[in-house]
Each structure stands twice: as structure tokens, then as C-alpha cells.
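Chemist: Sharing a structure with you now.
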Amino acid sequence: MTKAVVDSVRAGDLRAAARLMRDLDDGVPAAQRSLRQLYKHTGRSFILGITGAPGAGKSTLVDAIVGEFRAIGKTVGVVAIDPTSPYSGGAILGDRIRMQRHYLDDGVFIKSLATRGHLGGLSRSTIDVVNVMDAMGKDVVIIETVGVGQDEVEIVKVAHTNLVVVVPGLGDDIQAIKAGILEIADIFVVNKADREGADRTRRDLETMVSLNDYEEGEWVPPVMPTEAVSGKGVGELVEMIDSHREHVFIDDNLELFRREKATVELFEMLKTRLLEEAVGDLERHGLLDGLISDIAARRKDPYSIVEKLVNHSFAANLIG
Amino acid sequence: MAPVAAVKKKAAPARKVERKIRILIGKPGLDGHDRGAKIIARALRDAGFEIIYTGLHQTPEMIVSAALQEDVDGIGLSILSGAHNHLLPRIVELLKEKKMDDVVVFGGGIIPDDDIPRLKRKGVDRVFTPGTTLKEIVDYVRENVHPRA
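For the protein sequence lines, the chains are A and B, in the order given.
For the first sequence, this note's numbering begins at 2 and goes up steadily by one.
For the second sequence, this note's numbering begins at 30 and goes up steadily by one.
Pasting the structure below:
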């Protein structure tokens, strides 16, 4: 069963790929097993991350960038993430609306994901879904984050190149690009560049970049103006993306990137699984509820409980 | 804390499967009025479903392609243009071609009662006409659209 799924995905069966992505998003164990088989076929796609505040024009920009990549014959996967409502658990995933012209293009595969409570701008399954698209043989995989705009640092470690999209006139320009978001940008995009204040936003960004110290040979983030709706500036942006790709794919940088990405993959999966295992185990033993009451009433402290619970030698299973 | 009886260690992983119903809401054809579709999308979101909204002026091919990539369980279509007799059956037909006949198709809009039996024969599961409450639609989805096992 697992092997059949793996073969179908690699042979270009879109339905099998779509179902696998769905199963990964839903946390189906069989899908995880398929991914274990697929993993060795990943690592070939160029991964582009796009983040920025809601309304900055990320989806429209993705649409325009996809168009540029398709024009030079590259196949593209898009993972578009929208927030889950914390009240109902439902979500409206509307990023596709801006990407309609690619619906009938076999070279473009678009998957919309809801955050389902995961913080950091991605969904828990984003890395998994990107891996499936990678194994499908997509030349480029674009990740569009949820767009909260302040704490989306997770994307950095997943994408080779990160765009941070800013628009003029969103209040204090510096505010819109606080520490975290500033540091993740490989390229700044000032979208809606026809608007008043665009030049100022651009200058502010360039000034901020110039305040950093860069070593010889280090990448200095450029600021690129675009008008995603008309496509103006997008060709130049894609050329800049390609320059950054070349920079990352210099051997030393690539090795560093691969190690960082591998670290994030390992840590993220560990976090999720360890939490699930521990909570599940406490539930099965009927302990969870009592523990929470005890902590809430200050009869016990969470520090000691966690210390006792994780009192394991984790590496023992891998050694010998 | 009360002592706990020994519980057998489960071999199966504790990973939680969380099946969410995914529904595509689309506007096939040429009319440009999507207020209704957006209201339905919102009501379904508030009921806890994941809604993929594809926007205006969709061809049946575009809708089915999006449904395939997004692996949806149901497709809700809003049509006010009068072209329902062509567009709705065409979407059902394309789903069959792609072996996606387990996807439930429902529709709504300005659709004469006389047309409804024919649409149902062609595989449209349910047609909602003006005056339907949001609750009826949410209840319908809850009872008739199921996530894949």
C-alpha cells in the first residue's frame, strides 16, 4: 500500500499526491509511512518562501511569480496557508482566487492548508506537503505563509530564499518589519509600488539593511519594487530570486542550509511527536486531568512533573 | 493522587488523526455575483469546515482541477446565470472521468423547481433555492458530506 502510493506520486499521479497531502495534514499514520519512503526522493526542488502582512499582495505576487517560472518551463508547486478560526476550527482558504489562471496548467499544483492552531506562519503539515511536492519533481515549490507578519521565522529554515513583502502606507514602516521579520528576508519586496510613499518605504528598508554588518561574500538583501497586479517589476524580482538561489547553491552555503533545514525538520517532528506521545500516555493512564487540576491548584508544580516525565535516555534507541 | 492500575502499553502510535471536512465553494459560469457564495463559505467555516473558495468565473474544468488538488469531500456551486442545466451536470461528469465520484456535489441559486429533478438524475446531490436558511445548508453538509475514511 505504502509502496503503491510512493510509486504513484513519483509517476505523476496528481490524485494520489493530493490524497497523500491531505492525509499528512490530517495526521494519518499510513501517510507518515509513505513519507518515510518518499523522503529519499526529496531535496531537489528550489523552495521559495513568501511572507508579509495580510493584504500585502502575497497571493497576487505568487500568481505573478508562478507565471514567470512557467514561462521558462519550470514546474511549480504552491503551498498557500490561511488561518484556522480559533472559535469554530473552520477556515476559509482563499489564496487560490488570485491564482486562477494556473488552474488548468498541468505544470502547477496548488495546495491550500489551514494553520489548525499551529503558530509561526506555517501549518504543522507544511514541511510534509513541501516534501511531497519535492518528490513529485516540482522544480520550484512556493510557500505562502499565513501573513501575520511578526513571528514567521519558521519559514526561514524551510525555504532556500525568503521574500518579505511590504506595502507602503501601512502605518509606521519600521513597525511593519520588526526584528524577526527583518532578519528573515533574503529579498524585500515593496509591492503596490505605484502607491504614494513607496519610495520612502524603499529607502527606509535600504537604510535598515545598510545598518547591518555584512561579511565579504555575504548576501545583502536587496529591495525590489513590484506591482503584482500588472506584473511590473516581477521579471526583475524573479531574476533576483535566481541570483539568491545561485548564492545559496554555492557548495558551502548549501551544506549549511541543508543542515539547518534538517535540524528544523528533526526538532519540529520531535516536538510534535513527543508532546502527542506524552499527552496520549497520560490520558490512557487517566492521569492528565488530575495533573492539570493539581498544577492549577498549586498542589504540584509543572517543572517537577515535566522533569520526571522526560527522565529518559532518548539516544538509547538509536545506539547499538 | 489515586494509584493507577497497570495499563498495557499500546503498540500503536498515539498520533491523533484529525479528519476535517473540506469543501470547495465555486462560482461556475459568467454571473458576477458572489455575495451568496461568500456568505455560504462563511457559514460553513463557522460550522468548523475547511472551505476552499475559488472565486468567480470558473469553468467546470477549473473547478474539478481545484477539487482534485485540494482533495475536497464536497463541492458547493452557486449559479445565478441560468446556465445550471449545463454547468452542474458537466462538473459531475468531469468528476466521474477523474474517478472522483465520491465527491458530493450540491448547488444553489436561481434554479427553477422544474429543473431540479433532472439535475438530481444527473448526479447533483442537492439543489438549494432562494429562501433556504444557512442552518439548512450547514445541516445538509454535516449529514451528507463525509471526510474520506
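Think of the CB as a built atom: it goes at the ideal place given N, C-alpha and C, for glycine as much as any other residue.
1. Flag this pair as touching only if the segment 43 to 63 of chain B and the segment 107 to 123 of chain B have three or more C-beta atom pairs under 8 Å; answer yes or no.
2. Please state whether the Cβ-Cβ distance between A65(A) and L94(A) is less than 8 Å.
3. Report yes or no: is there a C-beta of chain A within less than 8 Å of the C-beta of K49(B)?
4. Starting from L15(A), find everything on chain B with Cβ-Cβ shorter than 8 Å and list it in chain order.
5. Do A57(A) and V141(A) come within 8 Å of each other at the CB atom, strictly closer than that value?
6. What would DSSP say about L124(B), mapped onto helix, strand or coil?
7. Measuring alpha carbon to alpha carbon, tell me which residue in E69(A), G50(A), S89(A) is nearest A81(A).
8. Where do the N-terminal and C-terminal ends of the beta strand (DSSP E) with A92(A) fall, by residue?
9. If we cut at 8 Å on Cβ distances, does A40(B) have a partner in chain A?
10. Can you name, in chain order, every residue of its own chain whose Cβ lies under 8 Å from the Cβ of D187(A), other than the five neighbours on each side?
11. Is it true that the segment 91 to 107 of chain A meets the segment 131 to 141 of chain A, where meeting means three or more beta-carbon pairs spaced less than 8 Å apart?
12. Tell me, please, which residues DSSP counts as bridged to N318(A).
13. Return the bridge partner residues of A81(A) from the DSSP annotation.
14. Taking the alpha-carbon positions, what's the G232(A) to V6(A) distance?
15. For M270(A), decide whether its Cβ has a neighbour in chain B, counting only Cβ atoms nearer than 8 Å.
16. Report yes or no: is there a C-beta of chain B within less than 8 Å of the C-beta of K112(A)?
17. Tell me whether the segment 34 to 41 of chain A and the segment 59 to 74 of chain A touch, counting them as touching only if at least three CB pairs, one residue from each stretch, are closer than 8 Å.
18. Please go through the same chain and pick out, in chain order, the residues whose beta-carbon is closer than 8 Å to the beta-carbon of R102(A), but skip the five residues on each side of it.
19. According to DSSP, which residues form a beta bridge with E228(A)?
20. Just to check my reading of the structure: I98(A) and G84(B) have Cβ atoms closer than 8 Å, yes? What is that Cβ distance to the nearest angstrom?
21. Between the Cα of V147(A) and the Cα atoms of F110(A), S60(A), V133(A), which residue gives the shortest distance?
22. Mind pulling the chain B residues with CB within less than 8 Å of S89(A)?
23. Since I believe M129(B) is in contact with L106(B) (beta carbons under 8 Å), could you give me their beta-carbon distance rounded to a whole number of angstroms?
24. Suppose the cutoff is 6 Å on Cβ atoms and the five residues either side in sequence are ignored; what does the same chain contact list for E122(B) look like?
25. Taking only beta-carbon atoms, is Y82(B) less than 8 Å away from chain A?
26. Are any of the Cβ atoms in chain B nearer than 8 Å to that of G28(A)?
27. Cβ of P32(B) less than 8 Å from any chain A Cβ?
28. Note down, in chain order, each residue of its chain lying with its Cβ closer than 6 Å to the Cβ of D24(A), except the 5 sequence neighbours on either side.
29. Alpha carbon to alpha carbon, how far is M270(A) from Y88(A)? Give it in angstroms, no decimals.
30. Pair every Cβ in the segment 66 to 85 of chain B with every Cβ in the segment 158 to 168 of chain B, then say whether three or more of these pairs are closer than 8 Å.
31. Go ahead and label E145(A) buried or exposed: buried means 16 or more other beta carbons lie within 10 angstroms of its beta carbon, across all protein chains shown.
32. So, R11(A) versus D100(B), is the Cβ gap smaller than 8 Å?
33. Tell me the DSSP bridge mates of Q33(A)?
34. Taking buried to mean at least 16 other C-beta atoms within 10 Å of its own C-beta, is D27(A) buried or exposed?
35. Using a C-beta cutoff of 8 Å, does E126(B) count as contacting chain A?
36. Can you tell me whether K49(B) is buried or exposed, with buried defined as 16 or more other CB within 10 angstroms of its CB?
Modeler: Well, looking at it:
1. yes
2. no
3. yes
4. L97, Q98
5. no
6. helix
7. G50(A)
8. 92 to 94
9. Note that A40(B) scores 43 on pLDDT, short of 50, meaning its location in the model is unreliable; the coordinates nonetheless yield the value given after this. It does not; no Cβ of chain A falls within 8 Å.
10. T162, N163, L164, W220, P222, H245
11. no
12. None; N318(A) has no bridge partner.
13. S113(A), E145(A)
14. 38 Å
15. no
16. yes
17. no
18. D64, G68
19. K233(A)
20. 4 Å
21. S60(A)
22. R74, D75, A76, G77
23. With 8 Å as the limit, L106(B) and M129(B) do not qualify as a contact, their Cβ atoms being about 15 Å apart.
24. none
25. yes
26. yes
27. Note that P32(B) scores a pLDDT of 45, beneath 50, so its modelled location is shaky; the value from the coordinates is reported in the next line. False, the Cβ-Cβ gap to chain A never drops below 8 Å.
28. A32
29. 26 Å
30. yes
31. buried
32. no
33. Partner(s): none; Q33(A) has no beta bridge.
34. buried
35. no
36. buried
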